[in-house]
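According to our numbering, the stretch in the sequence shown is residues 996 to 1229, in order. The structure appears right after this line, and notes come after that.
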Amino acid sequence: MLTKSNSELEKSVNYCSDKVDSFDSTLNKLSNSISEQGNRISKTESRCLNLELEMEKLHSHINFLEQDKLVNNIEITGIPMTDNENTFEIIKTISNKLNIEFDDKKVIKAYRMPLNKNKINCPSIIVNFDNTSTKLELIKAIKLRAINQNGLLANEIHTSFAKNNVYINDQLTKDNKHLFWLARLVSKNYNYRFSWANHSGVFIKRDEGSRFIKIISINQLKKLDTEKSVTQLW
């Protein structure tokens, strides 16, 4: 009787042992499967990140090429829009006020940008020259007047216009305009005294003695926004 009980006990122990071994085997398979899935997920995430970086580089390159096409262009803001206006006459008058000899042969085209949907801001005037030096001469002249606290006013262009400031800058791509706007917000929140944009790109600078920082992407601005205080970035 005791021998029979021991035999049955041994069978039970062996059965339990087999079940444990089977469970361990299943658990190991599940663990290996989870590990493999984790590796696949990591590889997929890595590929996605690489694709995002490649897309960002491609987007940046396209933006660079678009900006390069605008190398001889200026954007004039602050001039009220009127019916039947002559943009060539406007740029001629501006040139005269800045003591720059005007040569209409150097102007390929001059046109007013389309009116905004909200009709709040007056559209700027775009001028495309046949060379870069003419563009730079105008920008330099108007900045010099601003430095001397004698900025160009709209009523100097026509007496019917208000006494608001007229600005002349490099025409920027849509992306660079947005990047410049964000860069100014970061500068304001983190005490960078200077921020500017031109054909070469968008820049910020802490103070007179500091080196400038060229801003090439929104991600770069996010890294500077350590406190996430510029909500427009996030």
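We put the CB at the ideal spot given by N, CA and C, even for glycine. A quick note: this is a predicted structure, and the numbers were derived from the prediction, not measured.
Close beta carbons around Asn1111, own chain, < 7 Å, minus the five adjacent residues each side: Pro1118
Can you find a CB in chain C that lies within less than 7 Å of the CB of Ile1208? Of the protein chains in the structure, only one exists, and it is not chain C.
Tell me, to the nearest whole angstrom, how far the beta carbon of Ile1208 is from that of Ile1152; I am working on the premise that it is less than 8 Å. That belief does not hold up - the Cβ atoms of Ile1208 and Ile1152 are roughly 36 Å apart, past 8 Å.
Could you pull out every residue in the same chain whose Cβ sits closer than 7 Å to the Cβ of Gln1227, ignoring the five residues on either side in sequence? Leu1177, Leu1180
First and last residue of the alpha helix (DSSP H) that includes Trp1191? Where Trp1191 is concerned, there is no enclosing alpha helix (DSSP H), although the beta strand (DSSP E) it sits in stretches over 1189 to 1193.
Considering Val1102, what are the terminal residues of the beta strand (DSSP E) in which it resides? 1102 to 1107
State the Cα-Cα distance for the pair Val1102 and Lys1183, rounded to the nearest angstrom. 37 Å
contact_flag[the region 1132 to 1139, the region 1088 to 1104] where n(CB pairs < 8 Å) is 3 or more: yes
Kindly indicate the opening and closing residues of the alpha helix (DSSP H) around Asp1170. 1169 to 1184
In or out: Glu1098 buried (at least 16 other Cβ within 10 Å) or exposed? Correcting the residue identity first, residue 1098 is Asp in this sequence and not Glu. Under this definition Asp1098 is an exposed residue.
I need the straight-line Cα distance from Asp1063 to Asn1034, nearest angstrom please. 43 Å
Which value, in whole angstroms, describes the spacing of the CA atoms of Glu1260 and Ala1136? Nothing can be reported for residue 1260, as the shown portion of the chain is limited to 996 through 1229.
Quick one: grab the DSSP three-state call for Phe1165. The residue asked about is misnamed: residue 1165 is Asp in this sequence, not Phe. The answer is strand: DSSP assigns Asp1165 an E or B state.
Between Ala1149 and Val1122, is the Cβ-Cβ spacing less than 7 Å? no
How would you write the range of the alpha helix (DSSP H) that Leu1123 sits in, first residue to last? The sequence shown places Asn at residue 1123, rather than the Leu named in the question. Where Asn1123 is concerned, there is no enclosing alpha helix (DSSP H), although the beta strand (DSSP E) it sits in stretches over 1120 to 1124.
Cβ-Cβ distance between Val1197 and Thr1127 below 7 Å: no
Report yes if the C-beta distance between Phe1189 and Lys1172 is below 7 Å; otherwise report no. no
Inter-residue Cα distance where the pair is Ile1163 and Thr1154: 20 Å
From Leu1147 to Asn1079, what does the alpha carbon distance come to, in whole angstroms? 23 Å
Cβ of Arg1107 within 7 Å of Cβ of Ile1095? no
Terminal residues of the alpha helix (DSSP H) in which Phe1198 lies: From DSSP, Phe1198 is part of no alpha helix (DSSP H) but of the beta strand (DSSP E) over 1196 to 1200.
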